[in-house]
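If you want the working numbering, it's the 1-based position in the sequence shown plus 6. Comments concern the structure below.
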Amino acid sequence: MAAVFVPLGLLAIALLALAQDDEPPAAADGPLQLLQRLDDYPHAAPAAFSEGEVIDHEVGLGAIKKVRGVWQFKDSERLSGTLTRYTWQIIDGFTSLEVMQELVAQLQQGEGIELLFECQGRACGHGSQWANRVFRQRVLYGREDLQQYAVYSLDRGRYRMVIYSSARTADRQYLHVDLLAISETD
7 MAAVFVPLGL
17 LAIALLALAQ
27 DDEPPAAADG
37 PLQLLQRLDD
47 YPHAAPAAFS
57 EGEVIDHEVG
67 LGAIKKVRGV
77 WQFKDSERLS
87 GTLTRYTWQI
97 IDGFTSLEVM
107 QELVAQLQQG
117 EGIELLFECQ
127 GRACGHGSQW
137 ANRVFRQRVL
147 YGREDLQQYA
157 VYSLDRGRYR
167 MVIYSSARTA
177 DRQYLHVDLL
187 AISETD
(Lines of atoms letter the chains of each structure in order from A; the text may use other names.)
(Lines give C-alpha, C1' and ligand atoms only; values in the text may rest on other atoms or scores of the structure.)
Protein backbone atom coordinates (compact mmCIF):
# COMPACT_ATOMS: atom_id res chain seq x y z
CA MET A 7 0.00 0.00 0.00
CA ALA A 8 1.38 3.41 -1.03
CA ALA A 9 1.74 6.16 1.52
CA VAL A 10 -0.24 9.34 0.91
CA PHE A 11 1.43 12.60 1.87
CA VAL A 12 -0.75 15.66 2.43
CA PRO A 13 0.92 19.03 3.03
CA LEU A 14 0.26 20.17 6.60
CA GLY A 15 -1.26 23.48 5.46
CA LEU A 16 -3.89 21.72 3.35
CA LEU A 17 -4.64 19.31 6.16
CA ALA A 18 -5.10 22.16 8.62
CA ILE A 19 -7.48 23.92 6.23
CA ALA A 20 -9.48 20.73 5.69
CA LEU A 21 -9.73 20.09 9.43
CA LEU A 22 -10.77 23.68 10.10
CA ALA A 23 -13.49 23.38 7.45
CA LEU A 24 -14.79 20.16 9.00
CA ALA A 25 -14.78 21.69 12.47
CA GLN A 26 -16.98 24.55 11.25
CA ASP A 27 -19.83 22.31 10.11
CA ASP A 28 -22.42 24.86 11.20
CA GLU A 29 -21.40 27.15 8.33
CA PRO A 30 -22.37 26.11 4.80
CA PRO A 31 -19.63 26.15 2.17
CA ALA A 32 -19.46 29.23 -0.07
CA ALA A 33 -20.54 27.23 -3.12
CA ALA A 34 -23.82 26.36 -1.37
CA ASP A 35 -24.55 30.03 -0.68
CA GLY A 36 -26.79 32.00 -2.96
CA PRO A 37 -25.28 35.11 -4.54
CA LEU A 38 -26.81 37.45 -1.97
CA GLN A 39 -25.48 35.37 0.95
CA LEU A 40 -22.02 35.42 -0.61
CA LEU A 41 -22.09 39.23 -0.71
CA GLN A 42 -23.39 39.45 2.84
CA ARG A 43 -20.44 37.30 3.93
CA LEU A 44 -18.13 39.80 2.24
CA ASP A 45 -19.73 42.45 4.48
CA ASP A 46 -18.29 40.49 7.43
CA TYR A 47 -14.84 40.16 5.83
CA PRO A 48 -12.37 41.90 8.19
CA HIS A 49 -10.50 43.66 5.35
CA ALA A 50 -13.59 45.12 3.61
CA ALA A 51 -15.31 48.11 5.18
CA PRO A 52 -18.82 48.75 3.84
CA ALA A 53 -18.89 52.13 2.07
CA ALA A 54 -22.34 52.11 0.42
CA PHE A 55 -25.40 49.89 0.05
CA SER A 56 -28.68 50.28 -1.80
CA GLU A 57 -31.49 48.05 -2.98
CA GLY A 58 -34.48 48.72 -5.19
CA GLU A 59 -36.58 47.71 -8.14
CA VAL A 60 -35.27 48.67 -11.60
CA ILE A 61 -36.87 48.60 -15.03
CA ASP A 62 -34.67 48.17 -18.12
CA HIS A 63 -31.45 48.49 -16.11
CA GLU A 64 -28.46 48.51 -18.47
CA VAL A 65 -25.77 45.91 -17.78
CA GLY A 66 -22.55 46.64 -19.68
CA LEU A 67 -21.20 43.73 -21.69
CA GLY A 68 -18.38 45.72 -23.23
CA ALA A 69 -16.08 48.64 -22.55
CA ILE A 70 -17.57 52.09 -22.05
CA LYS A 71 -16.61 54.58 -24.74
CA LYS A 72 -17.72 57.85 -26.27
CA VAL A 73 -19.48 57.50 -29.63
CA ARG A 74 -20.60 60.70 -31.41
CA GLY A 75 -20.46 62.61 -28.13
CA VAL A 76 -22.45 60.04 -26.12
CA TRP A 77 -20.98 57.65 -23.53
CA GLN A 78 -22.17 54.10 -24.15
CA PHE A 79 -21.19 50.47 -23.74
CA LYS A 80 -19.76 48.61 -26.70
CA ASP A 81 -22.46 46.00 -25.95
CA SER A 82 -25.09 45.74 -23.22
CA GLU A 83 -28.37 44.17 -22.15
CA ARG A 84 -31.36 45.73 -20.42
CA LEU A 85 -33.02 43.80 -17.60
CA SER A 86 -35.63 44.46 -14.92
CA GLY A 87 -35.73 43.17 -11.35
CA THR A 88 -34.31 43.89 -7.90
CA LEU A 89 -30.92 45.60 -7.96
CA THR A 90 -28.73 45.30 -4.86
CA ARG A 91 -25.58 47.44 -4.84
CA TYR A 92 -22.64 47.06 -2.47
CA THR A 93 -19.46 49.14 -2.29
CA TRP A 94 -16.61 48.24 0.07
CA GLN A 95 -13.35 49.99 0.83
CA ILE A 96 -10.59 47.39 0.99
CA ILE A 97 -8.31 48.02 3.96
CA ASP A 98 -5.34 46.64 5.89
CA GLY A 99 -2.96 46.51 2.94
CA PHE A 100 -5.08 44.23 0.77
CA THR A 101 -5.92 45.26 -2.78
CA SER A 102 -9.36 45.41 -4.31
CA LEU A 103 -8.10 43.11 -7.05
CA GLU A 104 -7.13 40.44 -4.49
CA VAL A 105 -10.58 40.55 -2.91
CA MET A 106 -12.24 40.49 -6.33
CA GLN A 107 -10.23 37.42 -7.33
CA GLU A 108 -11.28 35.65 -4.12
CA LEU A 109 -14.93 36.53 -4.73
CA VAL A 110 -14.70 35.22 -8.31
CA ALA A 111 -13.04 32.01 -7.09
CA GLN A 112 -15.92 31.44 -4.65
CA LEU A 113 -18.47 32.19 -7.38
CA GLN A 114 -16.89 29.67 -9.72
CA GLN A 115 -17.39 26.90 -7.16
CA GLY A 116 -21.13 27.12 -7.80
CA GLU A 117 -23.16 25.67 -10.63
CA GLY A 118 -24.92 27.59 -13.38
CA ILE A 119 -22.23 30.30 -13.52
CA GLU A 120 -21.29 31.90 -16.85
CA LEU A 121 -18.80 34.71 -17.48
CA LEU A 122 -20.46 37.13 -19.92
CA PHE A 123 -17.75 39.79 -20.15
CA GLU A 124 -14.58 40.94 -18.46
CA CYS A 125 -11.95 43.60 -19.02
CA GLN A 126 -8.88 44.93 -17.26
CA GLY A 127 -7.15 48.27 -17.14
CA ARG A 128 -7.56 50.77 -19.94
CA ALA A 129 -9.42 48.18 -22.05
CA CYS A 130 -12.47 48.86 -19.81
CA GLY A 131 -12.68 52.52 -20.79
CA HIS A 132 -12.60 55.66 -18.67
CA GLY A 133 -12.65 55.02 -14.92
CA SER A 134 -14.52 58.25 -14.24
CA GLN A 135 -17.41 57.04 -16.42
CA TRP A 136 -17.63 53.73 -14.56
CA ALA A 137 -17.63 55.54 -11.22
CA ASN A 138 -20.04 58.36 -12.03
CA ARG A 139 -22.30 57.23 -14.88
CA VAL A 140 -22.51 53.48 -14.41
CA PHE A 141 -22.32 52.94 -10.65
CA ARG A 142 -23.02 56.49 -9.39
CA GLN A 143 -20.28 56.09 -6.77
CA ARG A 144 -17.64 58.78 -7.20
CA VAL A 145 -15.34 57.03 -4.69
CA LEU A 146 -14.82 54.33 -7.33
CA TYR A 147 -12.91 56.70 -9.58
CA GLY A 148 -9.33 55.51 -9.69
CA ARG A 149 -6.41 54.76 -11.95
CA GLU A 150 -7.59 53.31 -15.24
CA ASP A 151 -4.68 50.88 -15.40
CA LEU A 152 -5.81 49.33 -12.07
CA GLN A 153 -9.51 48.83 -12.80
CA GLN A 154 -11.13 45.47 -13.49
CA TYR A 155 -14.72 44.68 -14.49
CA ALA A 156 -16.59 41.40 -14.89
CA VAL A 157 -20.19 40.36 -15.53
CA TYR A 158 -21.51 36.92 -14.58
CA SER A 159 -24.79 35.16 -15.21
CA LEU A 160 -25.63 33.22 -12.03
CA ASP A 161 -28.09 30.52 -11.08
CA ARG A 162 -28.75 29.57 -14.71
CA GLY A 163 -29.57 33.12 -15.75
CA ARG A 164 -31.71 34.18 -12.78
CA TYR A 165 -29.13 36.77 -11.66
CA ARG A 166 -26.54 39.09 -13.14
CA MET A 167 -23.54 39.95 -10.98
CA VAL A 168 -21.38 42.88 -11.99
CA ILE A 169 -18.06 43.19 -10.15
CA TYR A 170 -15.85 46.28 -10.43
CA SER A 171 -12.49 46.76 -8.76
CA SER A 172 -10.79 50.15 -8.60
CA ALA A 173 -7.78 51.69 -6.91
CA ARG A 174 -6.97 55.36 -6.55
CA THR A 175 -4.00 54.86 -4.20
CA ALA A 176 -2.67 52.04 -2.04
CA ASP A 177 -5.01 53.23 0.75
CA ARG A 178 -8.03 53.92 -1.45
CA GLN A 179 -9.01 50.54 -2.89
CA TYR A 180 -12.66 49.80 -3.62
CA LEU A 181 -14.75 46.84 -4.70
CA HIS A 182 -18.26 47.37 -6.07
CA VAL A 183 -20.85 44.70 -6.83
CA ASP A 184 -24.24 45.02 -8.51
CA LEU A 185 -26.47 41.99 -8.04
CA LEU A 186 -29.58 42.00 -10.21
CA ALA A 187 -32.26 39.42 -9.41
CA ILE A 188 -33.99 39.28 -12.79
CA SER A 189 -37.77 39.47 -12.76
CA GLU A 190 -39.72 36.54 -14.21
CA THR A 191 -41.05 38.71 -17.06
CA ASP A 192 -37.61 39.32 -18.63
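The C-beta atom is built at its ideal place from N, Cα and C for all residues, glycine as well. Computed from a prediction, not measured in an experiment: that's the story for all the values here.
Notebook entry, point to check: From 189, 90, 88, 71, pick the residue whose C-alpha is nearest to that of residue 81; which is it?
Noted result: Position 75 of the sequence shown holds residue 81. Per the Cα distances, 71.
Margin query: Quick check: the Cα distance between residue 151 and residue 46, rounded to an integer number of angstroms?
Written below: By one-based count along the sequence shown, residue 151 stands at place 145. By one-based count along the sequence shown, residue 46 stands at place 40. Each residue's alpha carbon lies about 29 Å from the other.
Check: Is DSSP giving residue 69 helix, strand or coil here?
Finding: Walking along the sequence shown from the start, residue 69 turns up at place 63. Note: residue 69 maps to coil in three-state DSSP.
Margin query: Excluding the 5 residues flanking residue 77 on each side, which residues of the same chain have their C-beta closer than 7 Å to its C-beta?
Written below: Translated into positions along the sequence shown, residue 77 becomes position 71. So the list reads 70, 135, 139, once near-sequence residues are dropped.
Checklist line | Residues that DSSP places opposite residue 95 in a beta bridge | finding: For the purposes of this step, residue 95 is taken as residue 89 along the sequence shown, with counting starting at 1. Paired residues: 51, 180.
Next item on the list: Just confirm the distance between the C-beta atoms of residue 161 and residue 37, as a whole number of angstroms; I'd bet it's less than 8 Å.
Entry: Walking along the sequence shown from the start, residue 161 turns up at place 155. Walking along the sequence shown from the start, residue 37 turns up at place 31. Yes, they are in contact, since the Cβ atoms of residue 161 and residue 37 sit about 7 Å apart, within 8 Å.
Check: With C-beta atoms as the reference, is residue 155 less than 9 Å away from residue 102?
Finding: Locating residue 155 in the sequence shown gives position 149, where the first residue counts as 1. Locating residue 102 in the sequence shown gives position 96, where the first residue counts as 1. Going by C-beta atoms, residue 155 is not nearer than 9 Å to residue 102.
Item checked: residue 178 versus residue 143 - alpha carbon distance -> Counting from 1 along the sequence shown, the entry for residue 178 is found at position 172. Counting from 1 along the sequence shown, the entry for residue 143 is found at position 137. Going from the Cα of residue 178 to the Cα of residue 143 covers about 14 Å.
Checklist line | Beta-bridge partners of residue 165, as assigned by DSSP | finding: As a working mapping, residue 165 is identified with position 159 in the sequence shown. Beta-bridge pairing links residue 165 to 160, 187.
Next item on the list: Assuming residue 97 contacts residue 105 (C-beta within less than 8 Å), just tell me the rounded distance between them.
Entry: By one-based count along the sequence shown, residue 97 stands at place 91. By one-based count along the sequence shown, residue 105 stands at place 99. Not confirmed; about 10 Å, so no contact.
Next item on the list: Rounded to whole angstroms, what's the CA-CA distance from residue 157 to residue 53? Just pull it up for me.
Entry: Here residue 157 refers to the residue found at position 151 of the sequence shown. Here residue 53 refers to the residue found at position 47 of the sequence shown. The alpha-carbon atoms of residue 157 and residue 53 are separated by roughly 21 Å.
Margin query: Using only the alpha-carbon positions, how far apart do residue 29 and residue 43 sit?
Written below: For the purposes of this step, residue 29 is taken as the residue at position 23 of the sequence shown. For the purposes of this step, residue 43 is taken as the residue at position 37 of the sequence shown. Note that residue 29 has pLDDT 45, beneath the 50 cutoff, so the model's placement of it is unreliable and the number below is only indicative. Going from the Cα of residue 29 to the Cα of residue 43 covers about 11 Å.
Next item on the list: Give me the Cβ distance between residue 123 and residue 68, rounded to the nearest whole Å; I'm assuming they're in contact under 8 Å.
Entry: Position 117 of the sequence shown holds residue 123. Position 62 of the sequence shown holds residue 68. Yes, residue 123 and residue 68 are in contact; Cβ-Cβ is about 6 Å, under 8 Å.
Item checked: Chain-order list of residues whose beta-carbon lies under 7 Å from that of residue 75 (same chain, five-residue window excluded) -> Residue 75 sits at position 69 when you count from the first residue of the sequence shown. Closer than 7 Å at the Cβ level, and outside the excluded window around residue 75, lies no residue.
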